[in-house]
Amino acid sequence: MRILSAFIPRRQILSLRQFQTNSIRRESISTIHASMDATEQSLRQSLSEKSSSVETQGNAVRALKASRAAKPEIDAAIDLLNKLKLEKSAVEKQLQSTISSSGNGSLNREAFRQAVVNTLERRLFYIPSFKIYRGVAGLFDYGPPGCAVKSNVLSFWRQHFILEENMLEVDCPCVTPEVVLKASGHVDKFTDLMVKDEKTGTCYRADHLLKDYCTEKLEKDLTISAEKAAEFKDVLAVMEDYSPEELGAKIKEYGITAPDTKNPLSDPYPFNLMFQTSIGPSGLIPGYMRPETAQGIFVNFKDLYYYNGRKLPFAAAQIGQAFRNEISPRQGLLRVREFTLAEIEHFVDPENKSHPKFSDVSKLEFHMFPREEQMSGQSAKKLCLGEAVAKGTVNNETLGYFIGRVYLFLTRLGIDKERLRFRQHLANEMAHYAADCWDAEIESSYGWIECVGIADRSAYDLRAHSEKSGVALVAEEKYAEPKEVEKLVINPVKKELGLAFKGTQKNVVESLEAMNEKEAMEMKATLESKGEVEFYVCTLGKNVSIKKNMVSISKEKKKEHQRVFTPSVIEPSFGIGRIIYCLYEHCFSTRPSKAGDEQLNVFRFPPLVAPIKCTVFPLVQNQQFEEATKVISKELTSVGISHKIDITGTSIGKRYARTDELGVPFAITVDSDTSVTIRERDSKDQVRVSLKEAASVVSSVAEGKMTWQDVWASFPHHSSAAADEQE
Ligand code: AMP
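Residue numbers for the sequence shown follow full-length UniProt numbering, beginning at 1 and rising by one.
#1: Restricting to Cα atoms, I'd like to know which of A702, V564 and R688 is closest to S714.
#2: Start and end of the alpha helix (DSSP H) containing P244?
#3: My assumption, with CB atoms under 8 Å, is that T615 sits in contact with K634. Please give the rounded CB distance.
#4: If I measure Cβ to Cβ from S354 and keep anything under 8 Å in the same chain, skipping five residues before and after, which residues do I get?
#5: Which residues does DSSP list as the beta-bridge partners of F190?
#6: Starting from G207, follow the alpha helix (DSSP H) in both directions and report where the run begins and ends.
#7: Taking C-beta to C-beta, are C407 and F366 nearer than 8 Å?
#8: Within the same chain, show all residues whose beta-carbon is closer than 6 Å to that of D673, passing over the 5 residues directly before and after it, in chain order.
#9: Measure the Cβ-Cβ separation of V537 and V508 and say whether it is below 8 Å.
#10: On the three-state DSSP scale, how would you describe M289?
#11: Assign S511 to one of two classes, buried (16 or more other C-beta atoms within 10 Å of its C-beta) or exposed (fewer than that).
#12: Can you find a C-beta in chain D that's less than 8 Å from the C-beta of S672?
#13: Using beta-carbon positions only, say whether L218 and F232 come within less than 8 Å of one another.
#14: Cα separation between M706 and I612?
#15: Could you work out which residue in G386, M368 and L385 is closest to residue 734 when comparing CA atoms only?
#16: Using the Cα positions of V602 and W708, report the straight-line distance between them to the nearest angstrom.
#17: Would you list the residues sitting across from residue 763 in a DSSP beta bridge?
#18: Assign residue 756 to one of two classes, buried (16 or more other C-beta atoms within 10 Å of its C-beta) or exposed (fewer than that).
#19: With a CB to CB cut of under 7 Å and the five nearest residues on each side skipped, what residues in its chain are close to V116?
#20: Quick check: the region 592 to 602 against the region 436 to 452, are at least 3 beta-carbon pairs closer than 8 Å?
#21: Please return the same chain residues whose Cβ sits closer than 7 Å to the Cβ of V180, not counting the five positions on each side in sequence.
#22: Would the C-beta of G575 count as close to the ligand AMP, meaning under 7 Å from any of its heavy atoms?
#23: Tell me whether G541 is buried or exposed, calling it buried when 16 or more other Cβ atoms sit within 10 Å of its Cβ.
#24: Consult DSSP for A520 and reduce its assignment to one of helix, strand or coil.
#25: Examine the Cβ distances between the region 286 to 294 and the region 136 to 150 and report whether three or more of them are shorter than 8 Å.
#26: Please name the residue in Y479, S328 and D349 whose C-alpha comes closest to that of A459.
#27: Report yes if the C-beta of R578 is less than 7 Å from at least one heavy atom of the ligand AMP; otherwise report no.
#28: Bridge partners of H160, per DSSP?
#29: Let me know the secondary structure DSSP gives K542 once reduced to three states.
#30: For I29 and M375, what's the separation of their Cα atoms in angstroms?
#31: Give me whichever residues DSSP pairs with H643 in a beta bridge.
#32: Put E725 into one of helix, strand or coil per three-state DSSP.
#33: In three-state terms, what does DSSP make of K506?
#34: Going along the chain, which unbroken runs of the alpha helix (DSSP H) with 4 or more residues stay wholly within the region 651 to 717?
#35: DSSP on R324, reduced to helix/strand/coil?
#36: Can you tell me whether G453 sits near the ligand AMP, meaning its C-beta is under 7 Å from at least one heavy atom of the ligand?
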């Protein structure tokens with residue numbers, strides 16, 4: 001849980017104002033559970049009734065035996081007891097299967113995840129960092145195929161976003177001086193709640209312990225009542241919103257102890273997730289490893305705006321490492337301590353958030369989960385993006401445009417449309433300044449995972465850096481004709497204020513100048529009618545008396561040639577590692593070997609992301625085929641197609657299986673010195689092409705210039721059944 005405050009820019013932090021709305025949300029969520037899990041609830045109810053019937057009947061049998069009742073009477077009572085036991089066990093089985101199928105059950109998902117993770121580690125997609133020294137939690141290396149997938153994802157990201165939108169790419173340092181992250185709010189509020197084992201000092205994320213406790217009870221304890229089950233679900237739904245005190249109280253109420261030692265736990269307290277460092281040998285300049293890349297863009301706004309010819313809208317983008325000292329990282333590649341972020345900051349006039357290319361995406365339909373649906377217990381549903389923007393479900397066109405572009409990006413990478421949804425933040429998940437936020441969530445064996453956050457953050461970040469740095473981070477709109485505007489003018493009379501307030505005069509002047517139009521005009525009216533007014537000076541924390549001669553307030557007409565304003569920012573923020581991991585899960589499948597005696601793993605990556613596009617292997621080892629293999633390899637290199645040559649003597653079937661496990665979409669088998677076969681991974685179908693054409697055919701289909709169907713229609717071919725014969 002991130003402690004959000006009104007000033008906290010990112011993470012799910014709650015403001016005090018937002019805390020007050022929680023009780024309302026909690027009530028509605030209980031209602032959601034009541035309706036959603038009716039079957040589970042009634043099974044739990046029935047199980048507890050059956051258990052008490054078994055107990056009562058057991059007591060009856062014991063009583064009959066003790067009173068030496070007649071044998072037929074005892075036998076009848078035992079028969080009834082056995083019947084009740086059978087009924088109880090049938091309900092238990094039903095409840096277990098309901099829990100598993102409703103998504104609480106984790107056995108299948110864990111087995112699937114294990115199969116994916118084993119393959120990824122065995123084929124070096126990733127390696128736990130510093131493995132020979134027993135590793136460090138939350139740090140991972142990408143091995144050769146992992147690096148290739150990441151590089152493909154990033155180059156598609158650059159093409160899909162930076163190139164398409166003419167974005168300005170920057171590359172800023174990871175080491176960031178404290179002042180920058182103080183202005184952004186990270187130094188004070190980028191925290192998670194932590195508890196410590198009171199004896200060993202081991203640290204845990206407080207909300208994770210509560211979540212584990214509730215999940216385990218729901219999944220494994222069939223004896224809990226329907227009411228208790230509803231309570232645990234309720235806690236799971238709202239725990240993100242708990243204050244440290246509320247979280248601590250729940251941990252105590254449930255008697256949760258340290259998982260490894262069962263020792264008591266400390267009260268939860270905030271832990272800042274940034275890695276602290278100092279810059280330079282003196283150790284006098286405090287700094288942090290950046291927790292996100294966005295701040296580098298904000299602090300460069302002025303130069304980028306000039307670079308862009310002082311025109312809005314424009315977007316800047318950055319790909320780079322981010323560092324978060326997660327308290328107890330779990331979930332493999334999904335929650336790590338160093339990861340790649342790809343972030344876009346699209347600067348736009350707050351008075352005009354339309355987007356010229358919105359019509360390109362307005363017809364898209366995909367799963368969206370607006371806040372009303374979440375609150376009323378419905379599930380995500382397919383919505384047309386254009387309609388969602390027109391109805392105001394999505395706040396504005398620019399935000400809608402990016403939601404559509406993110407959808408296209410993820411699905412073209414190979415994310416399953418049916419396991420992707422855009423979930424709107426609930427009102428109390430958003431910082432007060434945010435206009436609207438949607439997360440692209442992808443379903444994996446860990447559940448729904450936030451992979452991309454798309455937020456309209458209004459002018460918050462630029463204002464925060466303007467205030468701290470004293471550099472105006474603003475844009476101008478030049479008027480074609482000068483405009484006459486009425487301006488509020490507040491002139492504190494410093495001589496009178498100095499006499500009245502002496503040392504605190506500065507505070508009073510600043511507060512007077514900071515009044516908005518309504519406050520100022522009310523003060524003017526009171527001063528005119530009563531000659532004096534009580535005025536609250538927040539920096540003094542008290543009221544002072546302002547007299548008519550201390551301030552002049554008026555409205556003046558002025559000609560203005562331009563409007564100066566702080567742009568709003570719309571920020572899509574991509575966790576690249578999370579997207580890649582979800583992609584691995586969505587692309588992973590198994591199929592039986594030809595002999596049917598084992599299951600073979602296949603990563604069905606689209607050619608766009610496949611780490612290697614093609615393997616080339618001579619059918620048998622002879623000089624003629626090896627020469628032909630070299631020719632093809634040279635041509636593939638010249639057209640930029642990554643490939644691998646396999647000259648091992650193993651059977652062709654085994655070689656195909658090895659490349660399938662790496663997700664290689666095409667395999668060229670050299671079986672003559674004039675022509676070769678090209679096999680497509682998913683269908684296992686093959687076409688025969690001349691040796692000269694092989695590289696260009698693979699390159700066209702790998703780069704999406706041709707489909708496999710086109711290739712199939714253009715060349716002599718044989719289907720997978722016939723291909724199996726050859727394998
Ligand atoms: P945030 O700034 O917290 O909204 O995070 C931006 C994106 O970074 C999220 O949408 C995630 O995809 C990703 N992310 C956040 N924390 C982590 C982490 N510990 N490990 C990997 N990815 C993360």
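A virtual CB, placed ideally from N, CA and C, is assigned to each residue, including glycine.
Walking through what the data contain:
#1: Closest by alpha carbon: R688.
#2: That run of the alpha helix (DSSP H) goes P244 to E253.
#3: Actually they are not in contact, since the Cβ atoms of T615 and K634 sit about 16 Å apart, beyond 8 Å.
#4: Setting aside the 5 residues that flank it on each side, S354 is surrounded in the same chain by N396, E397 and T398, each with a C-beta closer than 8 Å to its C-beta; the list follows chain order.
#5: F190 pairs with nothing; no bridge assigned.
#6: In the sequence as displayed, the identity of residue 207 is Asp instead of Gly. Looking at the DSSP string, the run of the alpha helix (DSSP H) that includes D207 is A206 to K220.
#7: The displayed chain sequence assigns Tyr, not Cys, to residue 407. Contact flag set, yes.
#8: Excluding residues within five positions, the ones whose Cβ falls inside 6 Å are Q624 and A628.
#9: When the beta-carbon positions are compared, V537 and V508 come within less than 8 Å of each other.
#10: DSSP places M289 in strand when its eight states are reduced to three.
#11: Buried.
#12: No chain D is present in this structure, which holds just one protein chain.
#13: In contact: L218 and F232 (Cβ atoms closer than 8 Å).
#14: For the pair M706 and I612, the Cα-to-Cα distance works out to about 18 Å.
#15: The structure shown does not extend to residue 734, since the chain spans only 1 to 727, so no value can be given for it.
#16: A straight-line Cα-Cα distance of about 18 Å links V602 and W708.
#17: The shown model of the chain, from 1 to 727, leaves out residue 763, and the question about it has no answer.
#18: This structure cannot speak to residue 756, because the chain is shown only from 1 to 727.
#19: The beta carbon of V116 is closer than 7 Å to those of Y584, E585 and F588 in its chain, skipping five residues each way along the sequence.
#20: They do not touch, by the three-pair rule.
#21: Cβ neighbours of V180 within its own chain (closer than 7 Å, five residues either side excluded): Q295 and V299.
#22: Distances taken from the Cβ of G575 to the heavy atoms of the ligand AMP include one shorter than 7 Å.
#23: Here G541 is exposed: its Cβ has fewer than 16 other Cβ atoms, across all protein chains shown, within 10 Å.
#24: Helix at A520.
#25: Verdict: no, contact absent.
#26: Ranked by Cα distance from A459, the first of Y479, S328 and D349 is D349.
#27: Checking the Cβ of R578 against the ligand AMP gives yes.
#28: None, per the DSSP bridge assignment.
#29: Looking at K542 - three-state DSSP - the assignment turns out to be strand.
#30: Any answer about I29 is weak, because its pLDDT of 33 lies below 50 and its placement is not dependable; what the coordinates show is given next. Their backbone Cα atoms lie some 7 Å apart in a straight line.
#31: According to DSSP, which records beta bridges pairwise, H643 is partnered with C614.
#32: Note that E725 scores 48 on pLDDT, short of 50, meaning its location in the model is unreliable and no value can be drawn from it.
#33: It is helical.
#34: Taken in chain order, the unbroken stretches of alpha helix (DSSP H) that lie wholly in the region 651 to 717 and span 4 residues or more are 652 to 662, 694 to 702 and 708 to 714.
#35: In this structure, R324 counts as coil in the three-state DSSP scheme.
#36: Checking every heavy atom of the ligand AMP against the Cβ of G453, one is found closer than 7 Å.
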